[in-house]
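Engineer:
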Amino acid sequence: MKYIWLIWGSIWMFTSRCSNDIPAEIVPDPPEFFLGADLSYVNEMEDCGAVYKDSNARAADPYQIFADAGANMARFRLWHDPQWTNYSTLEDVKRGLRRAKNQQFKTLLAFHYSDTWADPHKQQIPRAWTDHLDDLTALSQALYNYTFESLREFHQEGILPDIVQIGNEINSMILQEGEDSQTPMNWERNAMLLQAGIRAVRDFSTQNNSTVAIMLHIAQPENALWWFEDATTAGIVDYDWIGLSYYPSWSRYNLDQVGDVFEVLIQRYQKKLMVVETAYPYSLTNQDQANNILGEDALLEGFPPTQAGQLAYLQTLKSKVLEAGAYGLLYWEPAWVSTQCQTLWGTGSHWDNATLFDHTGNPNLGMQFFNP
Numbered sequence: 023m024k025y026i027w028l029i030w031g032s033i034w035m036f037t038s039r040c041s042n043d044i045p046a047e048i049v050p051d052p053p054e055f056f057l058g059a060d061l062s063y064v065n066e067m068e069d070c071g072a073v074y075k076d077s078n079a080r081a082a083d084p085y086q087i088f089a090d091a092g093a094n095m096a097r098f099r100l101w102h103d104p105q106w107t108n109y110s111t112l113e114d115v116k117r118g119l120r121r122a123k124n125q126q127f128k129t130l131l132a133f134h135y136s137d138t139w140a141d142p143h144k145q146q147i148p149r150a151w152t153d154h155l156d157d158l159t160a161l162s163q164a165l166y167n168y169t170f171e172s173l174r175e176f177h178q179e180g181i182l183p184d185i186v187q188i189g190n191e192i193n194s195m196i197l198q199e200g201e202d203s204q205t206p207m208n209w210e211r212n213a214m215l216l217q218a219g220i221r222a223v224r225d226f227s228t229q230n231n232s233t234v235a236i237m238l239h240i241a242q243p244e245n246a247l248w249w250f251e252d253a254t255t256a257g258i259v260d261y262d263w264i265g266l267s268y269y270p271s272w273s274r275y276n277l278d279q280v281g282d283v284f285e286v287l288i289q290r291y292q293k294k295l296m297v298v299e300t301a302y303p304y305s306l307t308n309q310d311q312a313n314n315i316l317g318e319d320a321l322l323e324g325f326p327p328t329q330a331g332q333l334a335y336l337q338t339l340k341s342k343v344l345e346a347g348a349y350g351l352l353y354w355e356p357a358w359v360s361t362q363c364q365t366l367w368g369t370g371s372h373w374d375n376a377t378l379f380d381h382t383g384n385p386n387l388g389m390q391f392f393n394p
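Whatever position you read off the sequence shown (first residue = 1), add 22 for the numbering used here.
Here it is as C-alpha cells:
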C-alpha cells in the first residue's frame, strides 16, 4: 500500500507541471485511510462519572482527545428498542454522531437490528417485530422502514452517517428468535432481509441527494471467506465495504497471515475493506467486579500486556491493513473504562484492561496508533 501513495505523489507532481495538457483539477485525491474508534460507550461512561484526560493530564472532551491523537472516524452501534438501557438508542446515537461531526470525523453506524447485542452467536429479532417472524414480506418491510426512517431522522438533524452497516457481525442469519441464534443459515430468507436494508439505504440516498455507503460486517477474516462467497451466490452484491472484526486470539489467522486474507477479499469482491473492530490488553489487572473479556489467552508472542505491547500490536496490524490495500482500522470501545455503572453481567467494565486510557483516565501509548 505504501507504494500506492508514492504513485499518487508522482501523478500529482507530473500533472502539476503539465497543466497545459492535463488540468490539475481532474486528478483524483488519494483514497482516504480511516483510523478511528467505536465510541458508543462514551456518553454512558461520562454519565457514570468517567473522566478522560488529555496528554497534559487535564480533563478534556474525549472526542477532542481522539481528534488531537489523529483519529478521523467514529463508529456507533444502534439498538432498536433496548428496555434495559438508555444508551445506544436512536437519541443516544444522535448525541454521539453530533459530537463526532463537531470534530469533523467521518462516521460509521452499525444497525444491530436487535434490542441488544448482535454478534456471531446471537442475532435476536427486536421485540416489536416478533409478530412478523413467519411473514418474511412483512419482516423485510419492517426492516426497510426502520432503516429508512432512522436515516431520515439523522439527515434532518445534519448528522447523517457516512457509512452504515446492515447488521453487526452477521455470520449467522439475522432476525432470529431467542437468545441463542444458531438456526441453520437459510440464504433465501437472509438475502431477502439484507437486501431490504441495502435497498432502504440506496433509496434514501437517491431521494435525498446524498451518498451513504453500505458495509457488510463479519466477525473474523476466516468467516468472511465463506460468508461473502455464499452471499454472492445468494445475489448480495450491492454494497461498498467489507467490514471485519479481527481479534487474533479468536482467529485462525495470526498477524503474519491476516494481511493475505484481507488482500484475497479485496481482490475477489472488488470492495473496500476496513477492520472495524480490534483491541489488545495493556494490562491483565481487573479494576472492578466485572470480569475482563481479554485475559492471558488474548496475548500474542512478542506483544506483552503493557502499553508498549498494545501500541506495537496496533502498529503491526495497521501495517498489515495498509499493505493489503485496505482503507481503515478502528479500535473497539477504547473508552469503556471502569465506573460504578452496571452492565448486563456485572458492575464496572469488562474491557478496562483493553481501553486506550489507563485506570486514572490518562491516554495510553496505544493512542499513538491514530497518528498516520
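Ideal Cβ positions, reconstructed from N, Cα and C, are used throughout, including at glycine.
So, helix, strand or coil for R274, using DSSP?
Structural biologist: Sequence index remark: in the sequence shown, residue 274 carries index 252 (1-based). DSSP places R274 in coil when its eight states are reduced to three.
Engineer: According to the neighbour-count rule (16 or more other Cβ atoms, all chains shown, within 10 Å of its Cβ), is E355 buried or exposed?
Structural biologist: By one-based count along the sequence shown, residue 355 stands at place 333. Its Cβ being crowded by 16 or more others within 10 Å, E355 is buried.
Engineer: What does D141 pair with, by DSSP beta-bridge criteria?
Structural biologist: To locate residue 141, count along the sequence shown from 1; it is residue 119. Paired residues: K144.
Engineer: Considering only the beta carbon of each residue, do N386 and Y304 sit closer than 8 Å?
Structural biologist: Numbered from 1 along the sequence shown, position 364 holds the residue referred to as residue 386. Numbered from 1 along the sequence shown, position 282 holds the residue referred to as residue 304. When the beta-carbon positions are compared, N386 and Y304 come within less than 8 Å of each other.
Engineer: Establish whether the CB of G368 and some CB of chain B are separated by less than 8 Å.
Structural biologist: No chain B appears in this structure, which consists of one protein chain only.
Engineer: By how many angstroms is the C-alpha of D69 removed from the C-alpha of V343?
Structural biologist: Residue numbering aside, residue 343 sits at position 321 when the sequence shown is read from its first letter. Residue numbering aside, residue 69 sits at position 47 when the sequence shown is read from its first letter. V343 and D69: Cα-Cα distance of roughly 35 Å.
Engineer: Taking all protein chains shown into account, decide if E191 is buried (16 or more other Cβ within 10 angstroms of its Cβ) or exposed.
Structural biologist: Numbered from its first residue, the sequence shown carries residue 191 at position 169. Per the 10 Å Cβ criterion, buried.
Engineer: Express the C-alpha separation of Q332 and D137 in angstroms, rounding to a whole number.
Structural biologist: The residue given as residue 137 occupies position 115 in the sequence shown. The residue given as residue 332 occupies position 310 in the sequence shown. D137 and Q332: Cα-Cα distance of roughly 32 Å.
Engineer: Determine which residues share a DSSP beta bridge with R99 and list them.
Structural biologist: Residue 99 sits at position 77 when you count from the first residue of the sequence shown. For R99, which the question treats as bridged, DSSP gives the partners A132.
Engineer: Along the chain, where does the alpha helix (DSSP H) that runs through L239 open and close?
Structural biologist: Position 217 of the sequence shown, counted from the first residue, corresponds to residue 239. The sequence given here has His at residue 239, not Leu. From DSSP, H239 is part of no alpha helix (DSSP H) but of the beta strand (DSSP E) over A235 to A241.
Engineer: Around the Cβ of L155, are there at least 16 other Cβ atoms within 10 angstroms (buried) or fewer (exposed)?
Structural biologist: As a first step, residue 155 must be located in the sequence shown, where it is residue number 133. That one is exposed.
Engineer: In whole angstroms, what separates the C-alpha of F133 from that of F88?
Structural biologist: Along the sequence shown, one-based indexing puts residue 133 at 111. Along the sequence shown, one-based indexing puts residue 88 at 66. About 23 Å.
Engineer: Closer than 7 Å by C-beta to A312: which residues in its own chain qualify, once you throw out the five before and the five after it? Chain order, please.
Structural biologist: Residue 312 sits at position 290 when you count from the first residue of the sequence shown. Result list for A312: T365, W367, G368, T369, G370, S371 and H372, in chain order.
Engineer: Rounded to whole angstroms, what's the CA-CA distance from S267 to A241? Just pull it up for me.
Structural biologist: On the sequence shown, residue 267 is found 245 positions in, with the first residue counted as 1. On the sequence shown, residue 241 is found 219 positions in, with the first residue counted as 1. Rounded to the nearest angstrom, the two C-alpha atoms are 5 Å apart.
Engineer: Going by the DSSP bridge assignment, what does S162 pair with across the sheet?
Structural biologist: As a working mapping, residue 162 is identified with position 140 in the sequence shown. Per DSSP, none; premise fails for S162.
Engineer: Compute the distance between the beta-carbons of A222 and F170, then report whether it is under 8 Å.
Structural biologist: Your numbering for residue 222 matches position 200 in the sequence shown. Your numbering for residue 170 matches position 148 in the sequence shown. Yes, the Cβ-Cβ distance between A222 and F170 is below 8 Å.
Engineer: Does the Cβ-Cβ distance between Q187 and M237 come in under 8 Å?
Structural biologist: The residue labelled residue 187 in the question sits at position 165 within the sequence shown. The residue labelled residue 237 in the question sits at position 215 within the sequence shown. In this structure, M237 lies closer than 8 Å to Q187 by Cβ.
Engineer: Considering only their Cβ atoms, is the gap separating G350 from V297 smaller than 8 Å?
Structural biologist: Against the sequence shown, residue 297 aligns to sequence position 275. Against the sequence shown, residue 350 aligns to sequence position 328. Yes, Cβ-Cβ distance for V297 and G350 is below 8 Å.
Engineer: Could you pull out every residue in the same chain whose Cβ sits closer than 7 Å to the Cβ of D51, ignoring the five residues on either side in sequence?
Structural biologist: Here the question's residue 51 lines up with position 29 in the sequence shown. Since pLDDT at D51 reaches only 47, below the 50 mark, its modelled position is unreliable, and the value read off the structure follows with that caveat. Here the set comprises nothing.
Engineer: Just how far apart, CA to CA, sit L130 and G324?
Structural biologist: For the purposes of this step, residue 130 is taken as residue 108 along the sequence shown, with counting starting at 1. For the purposes of this step, residue 324 is taken as residue 302 along the sequence shown, with counting starting at 1. Roughly 32 Å between the two C-alpha positions.
Engineer: With contact counted as at least three CB pairs below 8 Å, one residue from each stretch, are the segment 73-84 and the segment 99-110 in contact?
Structural biologist: no
Engineer: Kindly confirm or deny that the segment 113-121 and the segment 89-99 touch, where touching means at least three C-beta pairs closer than 8 Å.
Structural biologist: yes
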